[in-house]
Structures are given as C-alpha cells and as structure tokens.
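> Residue numbering for the first sequence follows the working numbering, beginning at 9 and increasing consecutively.
We treat Cβ as the ideally placed atom computed from N, Cα and C, and that holds for glycine.
Please read all numbers here as calculations on a predicted model, not as lab measurements.
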Amino acid sequence: MNIEAKLTASIKDALKVLYGQDVPVAQIQLQKTKKEFKGHLTLVVFPFLRMSRKKPELTAQEIGEYLEQHESSIAGFNVVKGFLNLIISSAAWIELLNNINADERYGFVDATNSSPLVMIEYSSPNTNKPLHLGHMRNNFLGSSLANIVKANGNKVIKTNIVNDRGIHICKSMLAWLKYGHGETPESSGKKGDHLIGDYYVAFDKHYKAEVADLMENKGLTKEEAEANAPLMKEAHEMLVKWEADDPDVRALWKKMNDWVYAGFDQTYRRMGVSFDKIYYESNTYLEGKKKVDEGLHKGLFYRKEDGSVWADLTSEGLDQKLLLRSDGTSVYMTQDIGTAELRFSDYPIDKMIYVVGNEQNYHFQVLSLLLDKLGFKWGKDLVHFSYGMVELPEGKMKSREGTVVDADDLMDEMFNQARDTSKELGKLEGLTEEEANNIARIVGMGALKYFILKVDARKNMTFNPKESIDFNGNTGPFIQYTYARIQSVLRKAEESGIIIPKELPTSVELNEKEENLIQSVANFAVVVKQAGDDYSPSDIANYIYDLVKEFNQFYHDYSILHEENDAVKIFRIVLSSNVAKVVSLGMGLLGIDVPDRM
RNA sequence: GUCUCUGUAGUUCAACGGAUAGAACGAAAGUUUCCUAAACUUUAAAUAAGGGUUCGAUUCCCUUCAGAGAUACCA
9 MNIEAKLTAS IKDALKVLYG QDVPVAQIQL QKTKKEFKGH LTLVVFPFLR
59 MSRKKPELTA QEIGEYLEQH ESSIAGFNVV KGFLNLIISS AAWIELLNNI
109 NADERYGFVD ATNSSPLVMI EYSSPNTNKP LHLGHMRNNF LGSSLANIVK
159 ANGNKVIKTN IVNDRGIHIC KSMLAWLKYG HGETPESSGK KGDHLIGDYY
209 VAFDKHYKAE VADLMENKGL TKEEAEANAP LMKEAHEMLV KWEADDPDVR
259 ALWKKMNDWV YAGFDQTYRR MGVSFDKIYY ESNTYLEGKK KVDEGLHKGL
309 FYRKEDGSVW ADLTSEGLDQ KLLLRSDGTS VYMTQDIGTA ELRFSDYPID
359 KMIYVVGNEQ NYHFQVLSLL LDKLGFKWGK DLVHFSYGMV ELPEGKMKSR
409 EGTVVDADDL MDEMFNQARD TSKELGKLEG LTEEEANNIA RIVGMGALKY
459 FILKVDARKN MTFNPKESID FNGNTGPFIQ YTYARIQSVL RKAEESGIII
509 PKELPTSVEL NEKEENLIQS VANFAVVVKQ AGDDYSPSDI ANYIYDLVKE
559 FNQFYHDYSI LHEENDAVKI FRIVLSSNVA KVVSLGMGLL GIDVPDRM
C-alpha cells in the first residue's frame, strides 16, 4: 500500500474523530508539497472548515496533531495558513523504495482474460504521398497511446486503415501515365512512396494550369473551371473505372500501391511503429456501401434526384451529410462505416479509439451518430483521440504545394545531428562504427519523438526546421543522457564488487533530496494510471523530465560511489537504479529507447 | 454566418479550483584535481482585455479581441 493511500485513510479517520463527519476519500486530496516549504505531502484544509468551524490554521494544527499521534509514517508537520505540510519518516520512504525495487515492472498492470479489448486505429496513410511530420505526430501518439493503454491492464489491438483507393490515388496514377514515361523505383532509384508523391504534386501543377487557362480564356468562374478541367474529369472517370473493376486501371493501381507499401514499411520500421492488423479501404468500402443501402431501405437516409444518397442530421443539430456520390461511388464516410463493420465482426471490441487529427472532429461526431443509427451498439461510445496540427513558422504544411517536412528526411537529419554532436563531444571513442551509429539512431529518434510527445496532444504545435530539434534542456537526449550516466554508475558499482541486498534496512537516515526523489519515483504508478485515463502521453513525458532533472541535481550535490558510509552508498545505488528503471519504463511507453552509454 | 478548439516570459512548452504561475531554448554571469560538462548554479523576463462564481481562478461561466479548424460529390 502506498503512503498516499495510507495517509488518506488516516485523514479520513482524523476528520471523523475530530469533527464527527464521514468524508469520502475522493474528497481528501493530498498534493506534493511545494519545494519552498518543508514537508512531502500537503493537505489543503479549506474544504474542511465548514465541519471544524475553526480558523484554517487551527484546523490544520488539529489534524496534524492527530496524524502525528496515530500514523507511524508521519515524522512531523507544519502549518502555513490553510496548508498542512506533512513530513514522512525516512523509514517509511525506505520501505516504499524496497517495494518498488522488488517490482520489475513497477506501475504496470498486466491484462487478464477478462480485461477489456481496446482497438486503436492510427497512422491511416493515403497511398498517394510519402509520410510527413504530421503523420509522425499521429504515429508517435497512436503508438504511445497503445503502450499506455496496455500498461493499464487492457488488451490492445493496434490497427491501421490504409487509404489505398479514391480520387487522390487516381490523380497520381493519371499523372504517372501522362508524364511518367514509365518511371519505376528501380529505374530512378527513388523510394516508392516518394515517387508516387512526386506525381501527385505533378497532377496538381498541371490541374492548376488548366483551371487558370479556363478562367482566362473561356471566362469561367473558379468553381466552374475547377469542376470542368479535363484532368479532373479524367481522374473521376478513372475512379469510376476502378470501382467497376476495370482490369487495366486495377493493374496499374496495384503496381503503384506496391511501390508505396515498400516505402512505407521502411519508414514505419525506422519510426519504430507497428500494427497487429491492417485494413485496406479497397476491401472495406463495399461493406460501407452495403450498410448505406441497408440504411436507405430502412428509411434512415434519403436519395436526391441526381442519385446521391444523404443522411439528414439536422434534428441532431448537424447538417446533411453525403454518403454516396451521384455517380454511385463512395466517400470517406462510407468507408469508415464499412471499416467499422469489418472490425467488429473480426474482434470482440469493447472500446474503439481513433487517432485522427482535430480537423476531423466533425467527421467523427457524424460517424458516431451514423453508426448509432445503423444499429452499431458501440457507435455512441467511440473515442476520437483528436490531436492538433503540426505547423511550420510560416503556417500550415501543404503536401500539394510541397511545403512539407518529409518524415524520411527529418529522420536522416536527426541521425546526422546526433552523430555529429557525439563526435564533437568525443563520446564515440572506443566504440565500433556500428555501435556508434546505433547510439546516434537511438538519440536522434529520441529527440524527435520526445519533442512531439511532450506537447499536449490536442494543441497545435510549431516545428521550426531551421532550428530543428534541441539536444539540451527538456529533450529526449537529456533524459537518455541521465539514464546512461546511471547505467555507468551501476556498472562501476558492480565492478567494485558491491553487494546489493534485496531489502534495504529502514534505519538509514535520509536527506531531503533523497526522500523527495523516492517520492517522485513512486509517483510513476500514479502518472501511468492518469495518462491511461486521460489518454495523455504528454503527462508521461513531462513526468520523466521532472524526475530526471531532480535526479541530476541530486547527482550533482551528492556522490554515490564515493560516499563513505556503506549503508548510505548502497541506498543511493538502489535509489539510482530505480530512477533508471522508471525512466526506462516511462520512455518505453513513449516508444523511445534508452542507451546504456552515450 | 454558425459550430468547435486554442490564446501563459522574446521563443517552444508546463501548472486535479490551491501557497510567491514552473521549465527549457535564447540573453547575461559562474562551476570541471570528484561517479559521463549532452551536466549543475545564479540573474532578467509572461496568464490577450473586461466582468462574474468563491475562502481562493491560468483553470469554471459570460462578453470582447486574436489565431486555427470544420461546416465539400477531397480524404
């Protein structure tokens, strides 16, 4: 049982004995004492004034005195205004550290047979362009979220819905046919996803030229020109052919998609993300059309004169939503309905989480309603894990205009930076080329992932490619560096033959920094739980940073291996190793590796 | 127009309704005979504006202002 829970129970007793009131434990909130005051945990007594009918100072004093007498782990207390600062005994802290030390996966809960099954969809790329920084935020968030949900005792299935069909693919295909001269990844040496992306950009360039021409020479409005440009018409014809299973179109489609997948696989591996089950929209969209037809027959939807099918959500306070185009082809929403159908017939899913950008908040509001209308019992409870855009200093990234930060390029750059920095600092001496590169890879990816994950997911964030990513301060490498230093200390401790007992004696007298550090380590379990409840990887990131910063200050002020008192030395080694353990587990939740040396 | 989200040091980010709003980068100044200086210490610097709710508001509510997004036969 942790200290906080024990204290909360004692405070409940105190309130009952002193004021005769039974207060639910949820209302007794202990917080970490601010560092400018003496103590470890603080009780704010303002909420209890109503029952004590005394001044805040006096109320705090009474509760403090009760606890000092009745709770063995309390070594003392002080009162500042309405704040009761409690001081926990060294022995209680050591006991807590012993408990943490005995638990290899402290803070994690294993799933059982009866645990809920959570499916998490993330990544969800289009096959017409390579992955960029925005996708990286999605992948890192989704992947980390899966780790966090799993660490909280759920069964997790990571899934990816690949958007391998639709008008955007047709644009790339058409451009390749028209301007490609048979270029392949082999012929040009380009990564497949990049090659396709280049043709997507080419389509847009030629299309824009056509629109401008129509406006200038035929006097059409912008809307008319956009709808009547020959390239766009051709692309739509191609989409109709694709849905009609035209063999030529399908063959081309398959060839080009395979190039893209080869490229994606490489990028995913490098990012360290993976999936348990991949769905393709080319397989799910028909399922969606079927469901829409069903809904049409049941009178849930209606057909317009031109043949398009719509859902009327005005009674729910939303608009009318298109479900099938007038030419009978399906749209985004149709596909998501079909995908949901397939997933729930494949798995007994208890909860569905979609990791998708906040620009689609409305889409998921609608999807939830539509699934509910169609009789999916999970429809109302779907979770849209909505995250903000990654912006450049100049504003939003636009893939069609080529102003994106490419995922592959960025990872290259991070790797190179990490390697250069290591070299400058002389950290690579005595290592093989392979070892050095491995460390540069871990550090470079750590910097990138941490940079993205430390930010509250729902906020837009800014990325400046020129300044790129720091390796100092609140960064992944700072955390990794601290971990590496602890590992070094532990190696040296082992070399010098120090024997670490399973249980530390509770008689060692600790200093304030040591007690606070144990408190911070112990808090990991609370943070993991919290992050699981709130779906918040950034909570983990910010917790680890605080812990590491605290450890660094301790490390600077006190020596570990040069400490003369053996009992204290051993205690500090155990404390350090548990800091490292929690850091490693926490970084693992973020999908970030920690190196033994760097 | 309507709806949603976001406004915190020069910049990038923190802060279950709790104490004097924390960090980092950048700026200025320091610390290496000692376990990895990718570290540590010090200084200057912020809650968009106005109202309300209460013992207490960056946090909750209202108004205004600013930014982003949605409201597409794009995905």
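Please determine, among 575, 515, 94, 579, the residue with the shortest C-alpha to C-alpha distance to residue 15.
Cα-wise, what sits closest to residue 15 is 94.
> For the segment 285 to 294 against the segment 149 to 168, do three or more pairs of beta-carbon atoms, one drawn from each stretch, fall closer than 8 Å, so that the two count as touching?
Yes, since at least three Cβ pairs between the segment 285 to 294 and the segment 149 to 168 fall closer than 8 Å, the two stretches touch.
> Sort 162, 546, 497, 582 by Cα distance to residue 569 and report the nearest one.
With distances taken between Cα atoms, residue 569 lies closest to 497.
> I'd like the ranges of any alpha helix (DSSP H) spanning at least 4 consecutive residues and lying wholly in the segment 399 to 473.
Counting only runs of 4 or more, we get 415 to 432, 441 to 461.
> Identify whether residue 122 lies in helix, strand or coil by the three-state DSSP scheme.
Coil.
> Thinking C-alpha only, which one of 201, 182, 599, 447 is nearest residue 273?
Comparing Cα positions, the closest option is 201.
> Any contact of the segment 477 to 494 with the segment 588 to 604, i.e. 3+ C-beta pairs under 8 Å?
The segment 477 to 494 vs the segment 588 to 604: in contact.
> Determine which residues share a DSSP beta bridge with residue 82 and list them.
Residue 82 is bridged to 96.
> How would you write the range of the beta strand (DSSP E) that residue 317 sits in, first residue to last?
That run of the beta strand (DSSP E) goes 317 to 320.
> If contacts are defined as beta-carbon pairs under 8 Å, then residue 295 and residue 251 qualify, I think. What distance do you get, rounded to the angstrom?
The Cβ separation is near 14 Å, so there is no contact.
> State yes or no: is the C-beta of residue 583 within less than 8 Å of the C-beta of residue 548?
No, Cβ-Cβ distance for residue 583 and residue 548 is not below 8 Å.
> Examine the Cβ distances between the segment 536 to 546 and the segment 132 to 145 and report whether three or more of them are shorter than 8 Å.
The segment 536 to 546, when compared against the segment 132 to 145, does not touch it at the 8 Å Cβ threshold.
> Helix, strand or coil for residue 173 per DSSP?
Coil.
> Are there 16 or more other CB atoms within 10 angstroms of the CB of residue 395, so buried, or fewer, so exposed?
Its Cβ being crowded by 16 or more others within 10 Å, residue 395 is buried.
> To the nearest angstrom, report how far apart residue 426 and residue 134 are at their CA atoms.
Distance between the alpha carbons of residue 426 and residue 134 is about 31 Å.
> What does DSSP give as the partner residues of residue 392 in its beta bridges?
362.
> Give me the Cα-Cα distance between residue 463 and residue 144, rounded to the nearest whole angstrom.
Between residue 463 and residue 144, the C-alpha separation is close to 14 Å.
> If residue 602 and residue 516 are in contact, beta carbons under 8 Å, what's the gap, nearest whole angstrom?
That pair is no contact at about 28 Å.
> Is it buried or exposed, residue 48, if we count other Cβ atoms within 10 angstroms and call 16 or more buried?
That one is buried.
> Specify, as a first and last residue, the run of the beta strand (DSSP E) that residue 286 falls within.
Where residue 286 is concerned, the enclosing beta strand (DSSP E) stretches over 285 to 288.
> If the criterion is Cβ atoms closer than 8 Å, does the pair residue 316 and residue 304 meet it?
No, they are not a contact pair.
> Please report the straight-line C-alpha distance between residue 111 and residue 162, rounded to a whole angstrom.
Those two C-alpha atoms are separated by around 19 Å.
> Looking at residue 268: is its Cβ nearer than 8 Å to the Cβ of residue 357?
No, the pair does not count as a contact, with Cβ atoms beyond the cut-off.
> Quick test of the definition: if touching needs 3 or more C-beta pairs under 8 Å, does the segment 78 to 98 touch the segment 31 to 49?
Counting Cβ pairs under 8 Å, three or more are found: they touch.
> Rounded to the nearest angstrom, how far is the Cβ of residue 361 from that of residue 128, given a contact under 8 Å?
Contact holds; Cβ gap of about 5 Å.
> Whose C-beta lies closer than 6 Å to the C-beta of residue 470 among residues of the same chain, with five residues either side of it excluded?
Once the five neighbours on either side are set aside, the close Cβ partners of residue 470 are 399.
> Give me the residue from 41, 376, 260, 430 with the minimum Cα distance to residue 389.
The residue with the shortest Cα to Cα distance from residue 389 is 376.
> Per the contact definition of three or more C-beta pairs closer than 8 Å, is the segment 116 to 127 in contact with the segment 251 to 262?
With a cut-off of 8 Å, the segment 116 to 127 and the segment 251 to 262 do not count as touching, because too few Cβ pairs lie within range.
> Does the separation of the CB atoms of residue 211 and residue 599 fall below 8 Å?
Their beta carbons are not under 8 Å apart, which means residue 211 does not touch residue 599 by this criterion.
> Measure the alpha-carbon distance for residue 264 versus residue 209 and round it to whole angstroms.
Each residue's Cα considered, the two are about 15 Å apart.
> May I have the straight-line CA-CA distance separating residue 466 from residue 372, to the nearest angstrom?
C-alpha separation (whole angstroms): 15 Å.
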